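Residues in the sequence shown are numbered from 1 upward in steps of one, following full-length UniProt numbering. For glycine and all other residues, C-beta sits at the position ideal for the given N, C-alpha and C. Note that the coordinates shown come from a computational prediction; the quantities given were computed from them, not determined experimentally. Here the structure is laid out as structure tokens; the discussion comes afterwards.
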Amino acid sequence: MAGKRGGRRNTRGAARAAVTVAECLLVGSGIADAAEALARAENIEAEWRIIKRGHLVKVLHEHPDKGGDPAEFLLTRDAFEHLRDLFNARLLDTFVPELGKPSIRVDSHASFKATAENAPPASYYEAAAETEMPGYCAEAAKSNRSSCTARKNCVRGSAQIDKDELRVGSLDASSGAYGRWRHLPCWRVPSRIWLGLPDPDTEPSAAVFEAALLAQDAVNVSGLRQLPATMLRELALHVMNKANWAKLTKARQVPAVKAQAVAVPYSEADRRPESTSPDTRMLSIEPKGEPQSEPQGKSHVESQAGLKDGLKDEPSLAPEKMHALVPSSTSMIQTTRGDQPNSLGRYEIPVPGQGDVVVPPEYMAGETVVLTGIFPELGGGAGLSLGKDRAKKMLSAFGAKVTSSISGKTTILLLGNEPGMSKVSQARSHGLTLMSAQQFKDEVEGRASRQDTLAHPPRISSFSSGYMGRTGLALGASAEELEWAATGDGNAPTGALKAATGVKRKASGDSAVARGKGRGRPRNAR
Numbered sequence: 001m002a003g004k005r006g007g008r009r010n011t012r013g014a015a016r017a018a019v020t021v022a023e024c025l026l027v028g029s030g031i032a033d034a035a036e037a038l039a040r041a042e043n044i045e046a047e048w049r050i051i052k053r054g055h056l057v058k059v060l061h062e063h064p065d066k067g068g069d070p071a072e073f074l075l076t077r078d079a080f081e082h083l084r085d086l087f088n089a090r091l092l093d094t095f096v097p098e099l100g101k102p103s104i105r106v107d108s109h110a111s112f113k114a115t116a117e118n119a120p121p122a123s124y125y126e127a128a129a130e131t132e133m134p135g136y137c138a139e140a141a142k143s144n145r146s147s148c149t150a151r152k153n154c155v156r157g158s159a160q161i162d163k164d165e166l167r168v169g170s171l172d173a174s175s176g177a178y179g180r181w182r183h184l185p186c187w188r189v190p191s192r193i194w195l196g197l198p199d200p201d202t203e204p205s206a207a208v209f210e211a212a213l214l215a216q217d218a219v220n221v222s223g224l225r226q227l228p229a230t231m232l233r234e235l236a237l238h239v240m241n242k243a244n245w246a247k248l249t250k251a252r253q254v255p256a257v258k259a260q261a262v263a264v265p266y267s268e269a270d271r272r273p274e275s276t277s278p279d280t281r282m283l284s285i286e287p288k289g290e291p292q293s294e295p296q297g298k299s300h301v302e303s304q305a306g307l308k309d310g311l312k313d314e315p316s317l318a319p320e321k322m323h324a325l326v327p328s329s330t331s332m333i334q335t336t337r338g339d340q341p342n343s344l345g346r347y348e349i350p351v352p353g354q355g356d357v358v359v360p361p362e363y364m365a366g367e368t369v370v371l372t373g374i375f376p377e378l379g380g381g382a383g384l385s386l387g388k389d390r391a392k393k394m395l396s397a398f399g400a401k402v403t404s405s406i407s408g409k410t411t412i413l414l415l416g417n418e419p420g421m422s423k424v425s426q427a428r429s430h431g432l433t434l435m436s437a438q439q440f441k442d443e444v445e446g447r448a449s450r451q452d453t454l455a456h457p458p459r460i461s462s463f464s465s466g467y468m469g470r471t472g473l474a475l476g477a478s479a480e481e482l483e484w485a486a487t488g489d490g491n492a493p494t495g496a497l498k499a500a501t502g503v504k505r506k507a508s509g510d511s512a513v514a515r516g517k518g519r520g521r522p523r524n525a526r
């Protein structure tokens, strides 16, 4: 059962004695049965979304602007700060084992002290509730290749953002990545951020603004706690100047149906997947030759009709486009062996020399790997970038080189949920090894060999529809091309070979590799 909001009297009493993580969850987010609510989350990011969602609902209910009790409001905020500090410390894989432990603030001086005087208005929390991911990111530029998007309003002589210079960007909800970067002096502070700041006319201390910004970390802004002290001070001085503030934007009205979903801490979007049949409109990747059970007695061939004829319950889509589904955070991967990685059924990322790993750290040395699809079981990121950063780090830790596109040096394509048809077609045309994240885990933990992976390649039941659901190669592919890309059975259709862009590979040994002439890397390849 999803977490419940405690009664007013019980909430206040628990808050005064909130010495454990479980008590902070009750007080800060209204989650009474934390073990139940969080155990169904896929990873700690999903847990945090549940906690954040519950907090925003509870704090709006108790906000003085809404007629709530100021004392309860402040206690709720303080308990949430303890939870945020635990999350930001990145020392936990999950909150669940910590429920009975003391909640000790990791960095007590850094969080914004909750007082009646500095309490943000209710509109601040309403705006924060609009997005699951922080809408903005502040960081030191990782290279000198990004450009300021302020264009004519850029205050610098050049639009280039230098490496290690402080930049601020916004979230692209479709790709799940931060972009549209700006120099700090060119950035207009959005109202959803300055609503949570003190009034510069009455508060002259930059240190207070630093603390107020840190209180928005992992809620409105990402990366604040990773900033060096000098950059955090630079950012605080920028937001203190009202001339840098953008105009006030009212929070969007939440539709009634959505409001019901937001009104509880737990959401289906954060639930670990339980079903992967094609009828649920999710991707399942399973070993070839070991089809999953089909609902309502359907055969596997019948269930694959979505690849050939489209999904019949979507009349708004043309039949030839129904087979390409938008990535879902609730998709999952069916693995060669249905072993549960841990007691919670979560994917524990293998680390060389730790846990059940039996291979040496250089196990993947000499392999060049490309990723396609999303990896919700790994967590981190959103949209088309879901789980990819962690997948890259996981592979790199074992010596693999991870690149963004397939080339003549690529040896492995790691398949996530809703993979891109273009990369899959390229991989099949050039004889690359296809494996899932679970198959990689099975290899490094000694439950399977590379020969096992080659003998049981993943099966794909749906492809990505690309950025904004409009650019996926699968949208315009024929049934024959889709079938070949999904299974690899038979000869590659002409169209599929054209889709496999011109990656030249030398034939070695007894295997001659196709050298299809392509049009260059498609924009939607991922």
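Considering just the uninterrupted stretch of the beta strand (DSSP E) at residue i, what are its terminal residues?
i	result
Lys-401	401 to 403
Tyr-178	177 to 183
Return the first residue and the last residue of the alpha helix (DSSP H) that residue i is part of.
i	result
Arg-77	70 to 88
residue 535	Lying before the first or after the last residue shown, residue 535 is absent from the chain, which here runs from 1 to 526.
Ser-396	388 to 397
Tyr-124	122 to 128
Thr-230	229 to 240
residue 527	Because the chain in this structure spans residues 1 to 526, residue 527 falls outside the shown range and cannot be described.
Run through the DSSP bridge pairs and tell me what residue i is partnered with.
i	result
Gly-169	Cys-137
Gln-160	Ser-147
Asp-217	Val-221
residue 535	A query on residue 535 cannot be resolved here, the shown segment of the chain reaching from 1 to 526 and no further.
Ile-374	Asn-417
Ile-412	Val-369 and Thr-433
Pro-360	According to DSSP, Pro-360 bridges with nothing at all.
Trp-245	Val-189
Just confirm the distance between the C-beta atoms of residue i and residue j, as a whole number of angstroms; I'd bet it's less than 8 Å.
i	j	result
Leu-195	Ala-129	Contact doesn't hold; Cβ gap of about 13 Å is too wide.
Glu-377	Ala-437	7 Å
Val-359	Val-444	5 Å
Lys-242	Pro-200	6 Å
Gly-28	Leu-83	5 Å
Leu-235	Leu-214	Not a contact, Cβ separation roughly 10 Å.
Can you list, in chain order, the residues of its chain whose CB lies under 6 Å from that of residue i, leaving out five sequence neighbours each side?
i	result
Met-231	Leu-166
Glu-132	Arg-49
Arg-156	His-183
Gly-416	Gly-373, Ile-374 and Phe-375
Thr-433	Ile-412
Ile-349	Met-394
Phe-440	none
Ala-150	Arg-182 and Cys-186
Taking 7 Å as the cut-off, does the CB of residue i come closer than this to any heavy atom belonging to the ligand NAP?
i	result
Gly-196	Questions concerning the ligand NAP fall outside what the structure shown contains, since it holds no ligand whatsoever.
Would DSSP call residue i helix, strand or coil?
i	result
Pro-64	helix
Ala-41	strand
Thr-20	strand
Val-351	coil
Thr-131	coil
Leu-25	helix
Asp-309	Caution applies to Asp-309, whose pLDDT of 40 falls short of 50 and renders its modelled position unreliable; the value that the coordinates give is listed next. DSSP places Asp-309 in coil when its eight states are reduced to three.
Pro-255	Interpretation of Pro-255 is limited by its pLDDT of 40, a score under 50 that renders its predicted location unreliable; the figure taken from the coordinates is listed afterwards. Pro-255 falls in the coil class under three-state DSSP.
Val-444	helix
Thr-453	helix
Val-264	Because Val-264 sits at a pLDDT of 33, beneath the cut-off of 50, its placement in the model cannot be relied upon, and the following sentence gives the value as read from the coordinates. Val-264 falls in the coil class under three-state DSSP.
Ser-385	helix
Val-301	Note that Val-301 scores a pLDDT of 33, beneath 50, so its modelled location is shaky; the value from the coordinates is reported in the next line. Looking at Val-301 - three-state DSSP - the assignment turns out to be helix.
Gly-196	coil
Pro-493	coil
Ala-32	coil
Among residues of its own chain, excluding the 5 on either side of residue i, which ones have a beta-carbon nearer than 7 Å to its beta-carbon?
i	result
Leu-56	Tyr-125, Ala-128 and Ala-129
Ala-246	Arg-188, Val-189, Pro-190 and Ser-191
Gly-68	His-61 and Glu-62
Lys-52	Val-219
Ala-365	Gly-399
Gln-260	Legend: pLDDT at Gln-260 = 30, less than 50; position of this residue unreliable, no value from coordinates given.
For residue i, which residues of its own chain have a beta-carbon under 8 Å away from its beta-carbon, when the five flanking residues on both sides are left out?
i	result
Asp-172	Tyr-178, Gly-179, Arg-180 and Gly-383
Ser-170	Gly-135, Tyr-136, Cys-137, Tyr-178, Gly-179 and Arg-180
Ser-385	Ser-175, Gly-176, Ala-177 and Ile-374
Asn-342	Because Asn-342 carries a pLDDT of 46, less than 50, the predicted location of this residue cannot be relied on, and no value is offered for it.
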